[in-house]
Structures are given as structure tokens and as C-alpha cells.
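Comments concern the structure below.
Numbering (our numbering), first residue to last: 4 to 235.
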């Protein structure tokens with residue numbers, strides 16, 4: 004905000020200095036060389052381990068709308084130019100060793116499919132990171148049905164669902180992980196917060212000291228022959 008006010012003040016008091024309008028500057032700065040930013044990011048890392056990164060993949064629901072400003076039309080979906088975007092699809096690069104962390108791609112989409120998601124992860128994100136000197140070792144998603152289909156499009160390694168062949172090198176492994184936060188959220192939404200559910204536990208030791216007190220009317224059944232129990 005301070006920069007904008009200073010810029011407007013400078014344009015109004017200095018007649019000899021010709022500066023572009025604020026909208027023109029916004030138009031110019033909206034085009035960023037992603038490859039250059041990534042190269043500069045990886046040039047600053049101090050260890051080779053920091054070049055090993057995961058891609059965090061997620062989408063955010065948005066209100067469908069279209070705007071026209073500065074000769075640009077925005078709000079239409081990239082995967083379907085005839086439809087307004089209903090969500091913002093984003094891919095973030097995150098190193099296993101603290102830094103770097105960088106948002107790589109944000110795309111307007113409508114009715115995201117697993118095939119389109121795989122294409123954007125490989126071309127718009129993973130390929131750019133690898134060109135810049137990084138090393139993508141996998142992706143992290145939530146357990147949405149589109150993400151489940153996305154994971155199935157990879158060539159799996161054996162019977163393990165968490166590992167697949169790397170899209171750029173068959174000798175490397177691509178790890179397919181689910182976000183822990185979303186897994187806990189799924190347990191909350193489909194387990195703890197639902198009344199009348201039944202939870203089966205293998206043994207009393209799995210509760211690590213007892214059943215959480217906020218299970219409401221959920222019925223708990225022990226797998227070791229214990230009696231059924233309902234929290235009061």
C-alpha cells in the first residue's frame with residue numbers, strides 16, 4: 004500500500020519524469036518467468052538435499068465470475084475455455100529440508116479431471132522444477148476422488164500403492180502420499196462427528212490410554228473379545 008501511494012504521489016508532483024500508470028505496471032508484473040525464478044531459487048540452496056522436493060497439489064473452490072481489465076479477460080477455465088472457472092488449482096514446491104518453498108502454478112479450472120491434473124503436475128510443475136536443477140520425488144494430495152484417480156494413472160511399483168515409476172526416469176521412484184492433515188479431517192468428518200457410528204479397535208492398547216471423551220454416541224467394539232461400549 005505504501006509503495007502504491009508513493010508511486011501515485013511521484014507521478015503527480017514530477018512533471019519531467021514520465022511513469023506508466025498503475026494498471027500498466029500490474030499488467031507487466033503479472034507475467035513472471037517461472038523458469039528464471041526457479042533457477043534463482045535453487046541457486047541459493049546450500050545443500051544437495053534441499054533440491055529434493057515434493058509437489059503439494061490442491062484446489063480451492065471459487066465463485067465463478069469473469070472480469071475484463073486492461074484488455075485482458077480473466078475468470079475462464081484453462082481446461083475448458085467455454086466455462087467459467089469454479090476452482091483454483093495450485094501446485095506448491097516444498098523441500099524436505101526446510102527450504103525452498105515456492106508456489107509454482109495456479110490455474111483456473113472447471114470440473115477438474117485426473118488426466119488434466121496429471122498433465123499439469125508433470126508439465127507445468129515437475130518439468131519446470133527439474134529443468135531448474137531441482138529433483139521432484141513425489142506429490143502430496145488429499146483423498147478426494149479426483150486425486151485417487153490421479154494416483155492410479157501412475158505406473159505402480161509392485162503391490163505398493165505409495166510408489167510409482169518417475170515420469171521422467173524409470174530408474175527413479177515417484178512417491179504418492181496423502182496429506183496427514185486431510186486424513187485427520189476425513190476421520191473427523193466421517194467418524195468422530197457422525198452420530199450412531201460403530202468403531203472397531205483391535206485391542207485396548209490402540210487407544211493409548213483410553214477413548215477420546217468427545218465421541219458422543221459412537222459405539223466402540225473391541226476386537227479382542229471385549230464388550231461393546233458406548234460413550235456417555
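Every residue, glycine too, gets a C-beta built ideally from N, C-alpha and C.
Since we're looking at a predicted model, the values are computed, not measured.
Helix, strand or coil at residue i according to DSSP, with G and I counted as helix
i, result
"residue 156", "coil"
"residue 209", "With a pLDDT of 46 at residue 209, under the threshold of 50, the modelled position of that residue is not reliable, and no figure is offered here."
"residue 64", "strand"
"residue 185", "helix"
"residue 162", "coil"
"residue 171", "coil"
"residue 146", "coil"
"residue 48", "coil"
"residue 176", "strand"
"residue 69", "coil"
Cβ neighbours of residue i in the same chain (closer than 8 angstroms, five flanking residues each side left out)
i, result
"residue 115", "62, 82, 90, 92, 149"
"residue 6", "Caution is warranted here: a pLDDT of 45 is assigned to residue 6, below 50, making its placement in the model unreliable, and no coordinate value can be reported."
"residue 103", "44, 45, 47, 48, 53, 56, 96"
"residue 70", "76, 77, 78"
"residue 68", "78, 87"
"residue 105", "40, 41, 44, 95, 96"
Proximity test, Cβ basis, 8 angstroms: residue i and chain C
i, result
"residue 89", "This model lacks chain C altogether, as it is built from one protein chain only."
Own chain, CB closer than 7 angstroms to residue i, minus 5 neighbours either side, in chain order
i, result
"residue 124", "58, 60, 94, 142"
"residue 185", "145, 146"
"residue 158", "167, 168"
"residue 117", "149, 152, 153, 156"
"residue 131", "37, 38, 41, 107"
"residue 189", "146"
"residue 193", "none"
"residue 212", "Its pLDDT being 46, under 50, residue 212 is placed unreliably in this model, and the value from its coordinates should be taken loosely. For residue 212, where only same-chain residues beyond five positions count, there are no Cβ hits under 7 angstroms."
"residue 174", "none"
Reference residue i, options the options, closest by Cα
i, options, result
"residue 40", "166, 155, 133", "133"
"residue 187", "129, 178, 146", "146"
"residue 119", "156, 135, 139", "156"
"residue 107", "168, 127, 140", "127"
"residue 100", "117, 172, 177, 138", "138"
"residue 66", "55, 78, 56", "78"
"residue 164", "171, 176, 46", "176"
"residue 129", "159, 171, 161", "171"
"residue 121", "190, 38, 154, 193", "154"
"residue 181", "151, 173, 193", "151"
"residue 140", "84, 192, 178", "178"
Chain-order list of residues whose beta-carbon lies under 6 angstroms from that of residue i (same chain, five-residue window excluded)
i, result
"residue 80", "86, 88, 111, 112, 113"
"residue 42", "135"
"residue 183", "none"
"residue 98", "53, 56"
"residue 64", "90"
| said: With a threshold of 8 angstroms, are at least 3 pairs of Cβ atoms found where one atom belongs to the stretch 70-80 and the other to the stretch 48-60? | reply: no
| request: Can you check the stretch 102-144 for any beta strand (DSSP E) of at least 3 residues that lies completely inside it and give the ranges in chain order? | output: 104-112, 138-144
| message | Give the list of continuous beta strand (DSSP E) stretches no shorter than 3 residues that lie fully inside the stretch 74-98. | response | 75-77, 90-98
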